[in-house]
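Residue numbers (my numbering), protein chains in the order written: chain Z, 9 to 301; chain Y, 1144 to 1494.
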């Protein structure tokens, strides 16, 4: 028998959740609804006249080749960031799981990058890779490779991917390490006795057993790369050269606040909003249930 | 097939020595049970044989080969863990085949061996299930199956029955025993349960605080325990101990009653009598005030104190007896069933 405690109805619970509700309404619901409304408007560049145009902004985006290429670029960027940061975190966690002495020190150090603000992470990489004064271009120059991400779009893309991935490694590492440490030791010992070496144990036992974490991180990293890398891109490349690092989020900013196309920018952010809602649904539907093996 | 030899084996964690100079020779095909209370180092010892713990000093031999520096995989052993340690993402078949695949056996040979082991353990119909779809007893069998298919030189069991319920434990105990006799593989079995140890082992190694107290057959341990610890650990209910003063072959109990022994000793000793060796006898030396009765059907346990002292003693009488609480009962035990231990060293005196 479950015992249930009943409280008389009162205003207290409403009062207690009120601050959270007010914050959500003011900072999330209201701006979001404004964005939706804005996306139905076309404004002239001086903000003197406004016209209600229904879905014209969306129709324009649909036919805009710049927007479509930004979409593809963002997908590539997200996939690359997720793959790079997750695989690197997996390797680090694999090693950190094996060490006994000084494990806490390693863990603490490996978590630090997560505390760095995106724009600062961007600034770090900006200096390291600056074609004039950076250390990496200097080294690359010695082996005869010419680095200039201000001119070379692929190099610029590589740089923002690297910076974005580096910052996310710490987060992924933490989750992977926790997942690995929750695997009973006797299972890996049994595999060792069965004759599996460290690499084989990792591939056939550990990796399959942490697959729920991998899936969870995949969604988290995709969300991160889609929405939270604005600071890095803004600091490192400003979307350039020639839009080669303009992702969807960056394009929202660029079209709205630089190009002053408020309606088009709002329409883009509505599309992003739909995407993030979709990702959240995926996360809740599948991750809360946990991947079954 | 191979025997196992432990040569002055020692294990330390930092400055703490947890196993002290263990020497033992286990014959080919023998079933040895390491038994002792929690924290005595029995699992550590087993894991050292398996290669899961490093050896601080001394040597481990499997067959004629010194295996100190070999990886667990190269020692040709199989181990059954307390929590079974089945791979949760693999079916029963894949669990059992894992080690064979790594050894790159041909596919039909793997299938044959898995099928054979599954038949022996009667888990043939579960081969395509995942471990979480099995009951505790079935998981236990799969863990055994995974050990059998490998056809190793040595089986190592780390308290494999302690997660099963009482009835299943007795059944699996018998099955493990039968299986080991049938396969004739040298086995080491670790347990804290003395009944399990007595019924399974050809020989028992009693471990206490990192020392081997005694290593012998169950009957030897029961009839001639080498120390107070072994005497108290083996047998249920536990042996009674009465501190006495000895002079030659005569003892004086704390209540002033004297009795004769076949052993010769002087000074303070502990007299050990098993509850089942006490019988009502008006001419006996043990006067007991009954404080509690336990009727188990086949036997009746009488709990009480030795008259005139505060020493707890237990007597196990056959059948259902009509004794009352508060009654003073006189008991005797045959002289050849009396054990004598030095009170200071706790070692056995005499034969």
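Just so you know, even glycine gets a beta-carbon here, dropped at the ideal spot from N, CA and C.
Option nearest residue i by Cα separation, candidates the options
i	options	result
residue 196 of chain Z	Z:228, Z:217, Z:25 and Z:133	Z:217
residue 1164 of chain Y	Y:1158, Y:1150, Y:1478 and Y:1171	Y:1150
residue 292 of chain Z	Z:102, Z:224 and Z:29	Z:224
residue 123 of chain Z	Z:162, Z:71 and Z:179	Z:179
residue 1258 of chain Y	Y:1297, Y:1470 and Y:1271	Y:1271
residue 1269 of chain Y	Y:1234, Y:1216 and Y:1340	Y:1234
residue 1219 of chain Y	Y:1227, Y:1337 and Y:1210	Y:1210
residue 88 of chain Z	Z:170, Z:29 and Z:18	Z:170
residue 131 of chain Z	Z:251, Z:14 and Z:245	Z:245
residue 1372 of chain Y	Y:1255, Y:1415 and Y:1303	Y:1415
residue 1205 of chain Y	Y:1296, Y:1278 and Y:1239	Y:1296
residue 1487 of chain Y	Y:1387, Y:1444 and Y:1250	Y:1387
residue 253 of chain Z	Z:25, Z:75, Z:143 and Z:100	Z:75
residue 1178 of chain Y	Y:1418, Y:1346, Y:1238 and Y:1280	Y:1346
residue 1495 of chain Y	Y:1208, Y:1161, Y:1185 and Y:1193	The structure shown has nothing for residue 1495 of chain Y, since chain Y only spans 1144 to 1494.
residue 1307 of chain Y	Y:1324, Y:1292, Y:1323 and Y:1336	Y:1336
residue 1380 of chain Y	Y:1213, Y:1187, Y:1442 and Y:1452	Y:1442
Cβ of residue i within 7 Å of any chain Y Cβ
i	result
residue 105 of chain Z	no
residue 172 of chain Z	no
residue 197 of chain Z	yes
residue 220 of chain Z	no
residue 216 of chain Z	yes
Exposure of residue i, with buried meaning 16 or more beta-carbon neighbours within 10 Å
i	result
residue 301 of chain Z	Note that residue 301 of chain Z scores 47 on pLDDT, short of 50, meaning its location in the model is unreliable; the coordinates nonetheless yield the value given after this. The residue in question, residue 301 of chain Z, is exposed, as its Cβ has fewer than 16 Cβ neighbours within 10 Å.
residue 181 of chain Z	buried
residue 1456 of chain Y	buried
residue 1334 of chain Y	buried
residue 67 of chain Z	exposed
residue 20 of chain Z	exposed
residue 1394 of chain Y	buried
residue 141 of chain Z	exposed
residue 7 of chain Z	Chain Z is shown only over 9 to 301; residue 7 of chain Z falls outside these bounds and no answer can be derived.
residue 1170 of chain Y	exposed
residue 1461 of chain Y	exposed
residue 158 of chain Z	exposed
residue 263 of chain Z	buried
residue 1407 of chain Y	exposed
residue 1482 of chain Y	buried
residue 150 of chain Z	exposed
residue 23 of chain Z	exposed
residue 1155 of chain Y	exposed
residue 1435 of chain Y	exposed
residue 1275 of chain Y	exposed
residue 1228 of chain Y	buried
residue 1420 of chain Y	buried
residue 63 of chain Z	exposed
Chain-ordered chain Z contacts of residue i [CB-CB under 7 Å]
i	result
residue 1226 of chain Y	192 and 194
Residue i: contacting residues in chain Y (beta-carbon distance under 7 Å)
i	result
residue 206 of chain Z	Simply none; closest approach about 10 Å.
residue 213 of chain Z	1230
Contact with chain Z by residue i, beta-carbon distance below 7 Å
i	result
residue 1242 of chain Y	yes
residue 1098 of chain Y	A question about residue 1098 of chain Y goes unanswered here, because the residues of chain Y that appear run from 1144 up to 1494.
Residues that residue i contacts on chain Z, provided the C-beta gap is smaller than 8 Å
i	result
residue 1220 of chain Y	201
residue 1216 of chain Y	200, 201, 202, 203, 204 and 205
residue 1245 of chain Y	202, 203, 204 and 208
For residue j and residue i, believed in contact at Cβ under 8 Å, the rounded distance
i	j	result
residue 57 of chain Z	residue 271 of chain Z	Not a contact, Cβ separation roughly 12 Å.
residue 237 of chain Z	residue 126 of chain Z	7 Å
residue 1286 of chain Y	residue 1223 of chain Y	5 Å
residue 86 of chain Z	residue 234 of chain Z	6 Å
residue 232 of chain Z	residue 176 of chain Z	6 Å
residue 111 of chain Z	residue 184 of chain Z	About 14 Å; that fails the 8 Å criterion.
residue 1429 of chain Y	residue 1364 of chain Y	The Cβ separation is near 24 Å, so there is no contact.
Check: residue i C-beta below 6 Å from any heavy atom of the ligand FMN
i	result
residue 1400 of chain Y	Ligands in the displayed structure: none, and consequently the ligand FMN is not present.
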